[in-house]
Every structure is written in C-alpha cells, then in structure tokens.
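A.B. asks:
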Amino acid sequence: MISLPVQDSLFNYRVAGVAILNGKVLMHKTPSDHFWSLPGGRAELFEFSQDTLRREMQEETGMLVQVGKMLWISENFFRYNGIRHHEIGFYFEMEIPDLKDQTDFSGSEGQEELLFKWLDAESLHSIKIYPEFLAAALAQNPLETGHFTSGFTDLDGL
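The opening position of the sequence shown corresponds to residue 63 in the numbering used here, with each subsequent residue numbered one higher.
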C-alpha cells in the first residue's frame, strides 16, 4: 500500500468512490470513529487508481463496482490516531450494479470492522464527515469536478 512513514508523520495515497442513489450517498466508518468518509482505500504500488477502488470495494464489501469519471482531487493534512497525515485523494463516481437495496451493512478491512450507511446528501452538512469539502461537494446536483485542499484537522478530536 502506498502509505509512507516520514519521520513522525505518514503520507497516504487514497482512492474513494462516490455512490449516490435516491438522494443518498454511501459512506463508511469504523465503530470507534466519530466521523464518516467515502468508501475506498490506499492504492498499491503500480496500481491504477480506478483499479484501487474496484479492489478495495471487493475486499471491504464483497461488491463489484463500476468506476466512472474522476470527480475530485484532494490534498489533506490531518491527525488521526495520534499520527499526522499528508494525504492525496482521488475521488471517482461509482456505481454498484448488483445493489439490492440501501440497507446499512457491515464490511471489513483486515481485522477492522467497517460500518456502511446510506446518508442523505442534503443533510451531510449536519453530520461529521471527512474530508470536510465533501458536505458541500456532495450536495451539488449535478456533481462538479474540482481540486480541494484542507489545512490541518485533528480527527482525534471529532
């Protein structure tokens, strides 16, 4: 995985998917987190970003997804689990062709449980989500492409 320790910090290359259906967005979090984020994960070395998203969704949910166009590039600085992170994120449109319904479900990443939930896109501003640009970006109809930067956020404090 492209996650490089640099002194007391970590650099991540992350890819995430934007699945919107019936005005709801698929989000996920660990049981201990106090914020939601888009599903996805870290790219592997020599893996194209769209392939990363397909692999991560298969590993975490067992679902096959179709990856569409890139929506956003994001540069984030944050603290998570006591470690400072510098993260580059690619965000793609994502469809789940075999989705049966929008019921909440659990998945996993290795030994860690992940909670998946369909959240109303129009009320994301009242929910803690990260990166912070997502609340406004996901409320756009249609979604607009962009490049977002965010200064240092302490996710341990959320």
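All C-beta atoms in this analysis are idealised placements derived from N, C-alpha and C, irrespective of residue type, glycine included. Only a predicted model underlies this, so the values are computations on that prediction, with no experimental measurement involved.
Thinking C-alpha only, which one of L196, D160 and E184 is nearest E137?
C.D. replies: L196
A.B. asks: Using 8 angstroms for Cβ pairs, my map puts Q164 next to K86. What's the rounded Cβ distance?
C.D. replies: 6 angstroms
A.B. asks: What do you reckon, are the CB atoms on M132 and F154 nearer than 8 angstroms?
C.D. replies: yes
A.B. asks: Under 8 angstroms by Cβ, that's how I've got I82 and A198 pegged, so tell me the actual separation to the nearest angstrom.
C.D. replies: The Cβ separation is near 15 angstroms, so there is no contact.
A.B. asks: Does A78 come out as helix, strand or coil in the three-state DSSP assignment?
C.D. replies: strand
A.B. asks: Which residue wins for smallest C-alpha separation from T211, given the options F140, H90, H187 and S99?
C.D. replies: F140
A.B. asks: Nearest by alpha-carbon distance to I158: which of M119, S168 and G172 is it?
C.D. replies: M119
A.B. asks: Alpha carbons only, please: which of I135, G144 and L161 is nearest the one belonging to F152?
C.D. replies: I135
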